[in-house]
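Below is one structure, written out as C-alpha cells; comments come after it.
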Amino acid sequence: MAIGIQAPPSAGVPGKKRWAMVIDLRRCIGCMACVAACKAEYDVPLGVWRTTVKVKDTGTFPNTKRHFMPRLCNHCDNPPCVRNCPTEATYKHEEGYVLQRYERCIACRTCIAACPYNARHVLPGNRTRVKVGGVVDKCTFCEHRVSNDQLPACVQTCLGRSRIFGDLNDPKSEVHRLVATMGTVTLKPEKGTRPQVYYIKPDRLSMNQGDAAPVSAAARSDAEAFYRHNKGSRFFGGVL
Amino acid sequence: MTECPTLTQFDAGEECGAQAGLFALLGRCLEAEIDERLLTALRGELREPLAEAGVDSACLDGDIDRVLGDAAVEFAALFVVPGAASPYASTFQTGALFQEPADRVARWYADNGFAFRNAHSGEFPDHVGTMLAFVGKLYEVEATALAESRVEAAREVRERRGRFVVEELGSWAPGWCRVAAAVAEHPFYRQVLALTERVLWEELSNLVSARRLRELSAANARGPARMPLNPDYRKASGL
Amino acid sequence: MTKHFNVSRRGFLKLGGTTAAIAGAVGGSRLHAMEQKLGGEDFSPVTGKPRQAVPYTCMVCNIEDGGIAYVEDGRVVKLEGNPDHPGNRGKLCAKGNSGFQHVYDPDRIMTPLMRAGARGEGKWKRISYDEATSILATKLREVIQRSEKAGDPAIRNEIVFKWGRNRTGGAVHRFMHAMGSNAMVNHTNICESSKKVGLEPSWGPDIESVDYTNTKYVLNFGSNVMETAYFHNPNAQRLVDGMVANKAKLVTFDPRLSNTAGRSDEWFAPFPGTDGAIALAMAQVIMTEKLYDDAFIRNWTNVTPERLIAHLAPYTPEFAEKESGIAARDIRRIAREFATTKPAATFSYRGPCKHVYGSYQEAAIHMLNVITGNVEKRGGYCLPRGMGWPQPEPKPPAGKVPSVLAAPPLYPLASHAVSTHMPYMIMKGDAKVSVYMHYYDNPAYAYPSSHVWIDLLKNEKLLPFVVSFSCYMSETTELADLIIPDVTYLERHDPESMPSDLRPWLGIRQPVIKPLGNTQEFRETLIQVAHKIDSDGTLGVKKYFAFKNSEEWMRAHFDNIPGLKEDGGYDYLKKNGVWPKYGKVDPETAKIVDKNGNEVQPEFGLYLKELSATDMAGAEVKPDGTIVKNGKTIGCQVNGRNHVGFGTPSARIELYKESYKKYGFNPLPVYKRLPSRDKKADELVLTTYKVNVHTQSRTASLKYLAELYHKNPAWMNPKTAAAKGIADGDLIRVTSPLGYLVTKVHVTEGIHPDVVAVSTACGHSAYGRLAQLKHRDKDAEWALGGDPDITHNVWWDDKGVHPNPIVRLAVDPIGGSQGWYDTVVTVSKAQPGDKYGDVKVSVEQSMKDYEETLRYAYTGDIHRANHKEVDVDWDHLPKPQAGAGH
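Rendered as C-alpha cells:
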C-alpha cells in the first residue's frame, strides 16, 4: 500500500482506483446495523461515531413522514482536513481514501474545524480494546478490509442495501453505474470539497431536511447530556 | 512510612520464604472461599501473626458452619456475583472477561512452569488471588535458590518477580484492593484486602522509583470518584 | 499510599513466615505444576493473523438469523451475517452485530449460585455445577417419588417450567415429559398468540410469509417490519427490495409513526383496536364491488361469496370511519387498490392482535388475502416454509394429567397458553407448585402489571423452590433460589429453523468458542439432572437422556435427515451453519442465484401440490371433497384433482371456524368495540412498542445498543399536549387504574391524538440495584469492573422509565393475547414532588383486573353479552376442563 501524502485526486483518472460510496436514501430504514457494525469493527468508543444515521420527522399529523440519512466521512477529492493538517497526520491515499496517521496527530483539531461534514472526532483517552486514544480519528472506508477484497463493515451489513461501495473509476462497477444514471447528489457541493459519497434522493425530500439539528426535547436532551459530558465541545459526529 | 527493618533477624533466604508464605496466604484468601482447613489455620497458628499484621481473626470464631457460611456469602458478594468487584485483571483493564491480560498472565505462568486449572466455572488465570499466589511461588523458587547458594538464579527469579508485580499487578491491584475493602462488609475480608493493598505497595516501593510509584498511584486511583452512569442500564435479563 | 494499619514490614514477614512454616495447611492455589509443555501456542493476539470463521445462528432476538463469528486467539471479536443463509443473506441487524458483548460481559453469571438470606436480598453462595445439578435433581426427584407413592400423576404438574424463549428444539419438552409433567408455559400470550389463533384454525400455520420482493402492494396493519416483528432482518431486506426495485406500494395502519409507518407510501393512524373494523370494511367493499376471486373462495374456503357478503353487510366504510377515525373515502380507495393490484398481500403482527378480541382482528386481515386470491402467489401472501428435525428415540410420552397452568380451562381456544394468568392462578390456589424453573424469561420486567410477578416470585409458600437458568442477573433471576447459568447463544448447541425465507432451511447454534470459563450449557445441565434424578434408571427418566453430551444429541437430530444426510449430516451443519445452500447471493440484487446468475426460485402454490397415486391408495373422498386416509385429512379434491390443500380438517381455508362457535365466539371475523374506544375525551389510550436496536429485555447491557437508544419518553400529539398545557420535554404523570408513573414527554406529529405511546425497551427497575451491591450504599468506584469505555465515555444519564407496571391485564378470550394496547390512562403534568422514574402501583387492583378479564372468557357474563349474535346454546356450552381444545 503506497502511502502517498497528499496524493492527487483520482476521480476520473484512468488506471487509478477511486473508492466511493453510493447511499440510496430510498432504501435506508434507519435500522442502525451500520452504526453497530462499525463500532464493533473498530472498537469505536462510546460518544464518538465513524458513521451515524440522522433521523428526522417531517410534516404534521396525520401527514407525517420519517427520513433517515446515513452520514460518514466523504473521503473528499479536495479534502480541507488534509490541506489544513499542520503535521500531515491526515493524508490522502492515491486510491482516494483520506486516512490518518495517529502517531503524527497532535489533536490540534484544525481538521475538525475544517471539515464541513462533522465527520471527524477526537478519540477519548479510554477505550476497551484498541490502545489508541486522544488523537483524531474518522471513517477509513474500511481500508484494511477493502484491500483484502472485502466490503466495508457498514456496507456488508446494511439490511436495505442502501450503502453501495466500489471503484468509481471502474465502468463496470455498480457505484459507477448508479452515479451515472441516478442523478445522485453530494453534500454541500458549494464547499468545493468534491465528496465521494453520493446520495440517491428519495422522493419528496430535500437534502438539508435530513441533516437538520435536533429539534425535539428528547433529542436535545441527549445532545445536552453529550455536551455536558464533553465539557461543551461541539466537535463530534453524532446521531444527535 | 515505617522504617525498613534491619534484616539481621531475617536473612535473605528466610525473608523470601516468609514472603512466599505471605503471598500464598493472601492469594489463597482471595482466590477461593475459606474452607475448614484454612479456617483452622486462621484460627490457630496464624491468629497471632495475622493480628500483628492487622487482621483480627476474632470475627472467624464461633460455630464452624456459620462462620464458613457467612464467609462464603461475603466471598460471593465481593468477587463472584454480577456487580461485585471483579477480581480479574482483564475486567479492570478492558472491562471484559478473559481478554489479553489473561493471556499475558497465563504465559507468565507457563514460562515459569505453572498451569492454571480452574476449580469452579468462571475462573480465569488473571484472578488477582491466583496472581498473588504466583508471586508467592516465585518467592519460593528464589528462596530455594538462595538456600542452595545459586545466587545468580535467585537474582534472576527476583528480577522476574519484580517485573511481574510491576507489569501485571502494579497499575491496578492495590487500587482494586482499596475499592473491594470499601465495599466489604465482613471484617475479615475488609482487613485482608487492606493488608493486601499494603503489602502490594510495600512490594512496589521496593521495585520502582519514586516517580514511577507516583504514576502507579495515579493509575490505581483511576476511575471516577462517583460513577456517573446508572448501573441499572446494564441489567440485561432473561438471557 | 495508604496506611490502613500501622504495621511494620516485620509484621507481614512474621505472618508470611508462619504461613510458610505450616506449609500446605492453608490449601493450594489454582496454580499447579505444569504437567506438559503447552503446545507452542501464541498467547498474545497478533493483529493480521487470519481469524477463524465459525458459523452460528443468532439469538439476540428471536428472528434466528444465520451468522459467522470471527474468532481471533480464541475470542469472538466480530459477528457478521452468513452469506449462505437464505434468510438474512449475509446481513445482521444492529443487535446481531453487538451480540458478542454478551460473552465477555463481567456482569455475566459464570457459576451456579445458591441463595443465602431472603429471596431478593441479594446474598448468594457460589457452588459448582455438580452441586447445583444435584440439588435440583433432589428437588425434582422428591416430587416424582411423592407422586409415585400417592399413585397420583397430577402431582407431577407441581414441576413447572416457564420460558420466555425456548429454542432448544425439543429439549425442554423432553425433560418435562420425562418428569411426567405437562406444566410448561411459554410467553406467547404477551407476544402474538391471538394472531396465531386467528390464523391456525383458518389455514394451518401460525404466521404468513409475504413475498415482499415480488409484490406490488403491501397492506400493513400495525406491524413494524422495518424495525421489529417477524422477521425483521429478512423481511426488511425484502420489503425494501419490493418497494424500491419492484415499485411496490406500502400502506400502513398504525396509531404511531413507527419507522415502517414513516417510510410507507401512505400512513393512516386508526384508533387502537379498530384495525378489524377497517379490514372488515375493506372486505365489504371488495365483496360488494365484485373485486373478489370467486373461484378461489368457492373452491378453497368453507364459505361462499354470498355468505360473506351477507355477513359483511354492516361493516361499511362509514361504519369503520366512525370506529377508527379513518376516512371512509380512504378505506374504500385502499380496498379497491389492494384488490385490483396484483400481486398483493397484507402483513400484520402485534398491532391488531394484542387487544381483547385480537383474534378477530387478525382473522379479518387474513381474510383480505383469501378473498382476493393472493394466497400462495408469487408476490403474495404465502404459507411459511420451515424445516423440522426428528426427536431422538425413545421419546417420553406427555404427562398423564393436563396442567391448568399450561392450558387454562377457561381458554380452550388459546392453543399458545395464557401465561399472564399464571401468577393469579397460583395465588388463587388453582395450581400447586413445588419446583418452578425458568429459562430466558423476565416476567418481573416484561409482563403487564409486572409487580404481581414480583409478588409471586418472592412468595416462598406459593413457589417453594425457584430455579433460574439465566446467565444474567435480571429482575426475575435475582429472585431465584438456585441459579444454574446457561452459556450465551454463541457458546451452545441448538437446532434451528425459521420461516424467514420462502425457501426453508435448517441451521444450528454451536459453540464458536469453548464456553467461557468452563461454564456449562443448558442442554448439558438437563442431561446431568436427568441422570442424577434417576441414576439407576428405575424412575424412567434417564433413558430419555442417553446422550453422552450435547454434540451427540445434535447428531441424533440431524444425522439422518434425508438430503442432509447425504451432504454430511451434522458435520455439514457444523461447517456451513445452514442447509441447504440454494445458491449464491448476488451482491447487486440480493437474489439467490445459481452459477449462471439466474434466480433460484422458491415454490409457490404449495396447497395445489397433487397427491400421488400412493398417497391416494386407501383414501376416501368425502362428499364435500375432503380426502381422508386412516382417519386423517390428507387433502381435498377440487375440480377433479386431488390436492394437498391446507392444514385444516377440510383441507380448505376455514374462514368459518366451528371451533370458535363451539364456545360462543363468532365463527366469522367480526368487530367488537373495546372499552377503550369509549374512553372519556380527555383520557388517552396507552400503547407500548419496540424499537430496532432492542429486544424484550436482554439487550439493555449491550453498550452500542444502549448508546443508540436508552430512554423512552412518552409520545404525545402536539394538539393533545397543548390542550393539557404540556410542553415537549416536560415531566408528566401517566396514570392508569393500577397507579402511575412519572416520565418525560416527547411531543411529536407521529402519534394519534388519543394515544400515548411508551417503548418497552428501557427502564430497567429503578428500585433494583445490581444484585449484590444494592444493600450497600457506598459508591464503589469500580463497582462494575472498569470497561474504560463504559466508565468514562457513557455520556447519557437517562435510562428511561418502564411502562409495564401500569399496563392492565386484559386478555383476548379467544387467542389469549394480553391486550397491551387497551389500557386507558390520564396524562397530566407531573405534580410537585414527583421525580422522574417514580412508579407507584397496586397489586390489589391487578387482582381485580384478573377477575374482570375472566368475565370475558367463554364462561363469563361479558362474553355472553358481547356475542348475542352467535347462534349457540348458551346454557349448554362445553364445560371447562384442563387440556380441552388443545
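If you read the protein sequences in the order shown, they are chains X, Z and R. Residues in the first sequence are numbered from 15 upward in steps of one, following our numbering. Residues in the second sequence are numbered from 82 upward in steps of one, following our numbering. Residues in the third sequence are numbered from 3 upward in steps of one, following our numbering. Note that CB positions come from ideal geometry on N, CA and C, so glycine has one too.
Look at the Cβ atom of residue i, then the Cβ atom of residue j, and state whether they are nearer than 9 Å.
{"i": "R/D86", "j": "R/V403", "result": "no"}
{"i": "R/P108", "j": "Z/A254", "result": "no"}
{"i": "X/V150", "j": "X/V136", "result": "yes"}
{"i": "R/T855", "j": "R/A812", "result": "yes"}
{"i": "R/V736", "j": "R/I808", "result": "yes"}
{"i": "X/L201", "j": "X/W33", "result": "no"}
{"i": "X/S230", "j": "R/V749", "result": "yes"}
{"i": "R/L707", "j": "R/K97", "result": "yes"}
{"i": "R/D488", "j": "R/T540", "result": "no"}
{"i": "Z/Y270", "j": "Z/E155", "result": "yes"}
{"i": "Z/F179", "j": "R/Y106", "result": "yes"}
{"i": "X/V36", "j": "X/V193", "result": "yes"}
Decide if residue i is buried, meaning its Cβ has at least 16 other Cβ atoms within 10 Å, or exposed.
{"i": "R/D132", "result": "exposed"}
{"i": "R/A615", "result": "exposed"}
{"i": "R/D877", "result": "exposed"}
{"i": "Z/S230", "result": "exposed"}
{"i": "Z/I145", "result": "exposed"}
{"i": "X/T74", "result": "exposed"}
{"i": "Z/A122", "result": "buried"}
{"i": "R/Q512", "result": "buried"}
{"i": "X/G251", "result": "No answer about X/G251 holds up, because its pLDDT of 38 lies below 50 and its placement is not dependable."}
{"i": "R/Q522", "result": "buried"}
{"i": "Z/S202", "result": "buried"}
{"i": "R/G83", "result": "buried"}
{"i": "Z/A299", "result": "exposed"}
{"i": "Z/N287", "result": "exposed"}
{"i": "R/H869", "result": "buried"}
Output the boundary residues of the beta strand (DSSP E) element that contains residue i.
{"i": "R/A54", "result": "Note that residue 54 of chain R is Gln in the sequence shown, not Ala. That run of the beta strand (DSSP E) goes 54 to 59."}
{"i": "X/D71", "result": "65 to 72"}
{"i": "R/S470", "result": "467 to 470"}
{"i": "R/N222", "result": "219 to 223"}
{"i": "R/P497", "result": "496 to 498"}
{"i": "R/V435", "result": "Premise fails: R/V435 is in no beta strand (DSSP E) and is neither H nor E."}
{"i": "R/L733", "result": "733 to 738"}
Please list the terminal residues of the continuous alpha helix (DSSP H) segment that includes residue i.
{"i": "R/W165", "result": "Here R/W165 belongs to no alpha helix (DSSP H); instead the beta strand (DSSP E) covers 161 to 165."}
{"i": "Z/A214", "result": "209 to 228"}
{"i": "R/M228", "result": "Unbroken run through R/M228: none, as it is neither H nor E."}
According to DSSP, which residues form a beta bridge with residue i?
{"i": "R/Q639", "result": "R/N644"}
{"i": "X/M83", "result": "X/K68"}
{"i": "R/W717", "result": "R/H748, R/A759"}
{"i": "Z/F197", "result": "R/L33"}
Which one of the options has the shortest CA to CA distance from residue i?
{"i": "R/I129", "options": "Z/A200, Z/P206, Z/T172, Z/A214", "result": "Z/A200"}
{"i": "R/E601", "options": "R/Y609, R/L608, R/A592", "result": "R/A592"}
{"i": "Z/G194", "options": "Z/R279, Z/W282, Z/V222, Z/G135", "result": "Z/V222"}
{"i": "R/I111", "options": "Z/P163, Z/S171, Z/Q180", "result": "Z/P163"}
{"i": "X/D38", "options": "R/Y858, R/V242, R/G76", "result": "R/V242"}
{"i": "X/R80", "options": "R/G264, R/P501, R/Q820, R/S661", "result": "R/G264"}
{"i": "Z/D184", "options": "Z/E249, Z/L294, Z/Y220", "result": "Z/E249"}
{"i": "R/T303", "options": "R/V187, R/T217, R/D626, R/P386", "result": "R/D626"}
{"i": "X/F82", "options": "X/F240, X/P22, X/S176", "result": "X/S176"}
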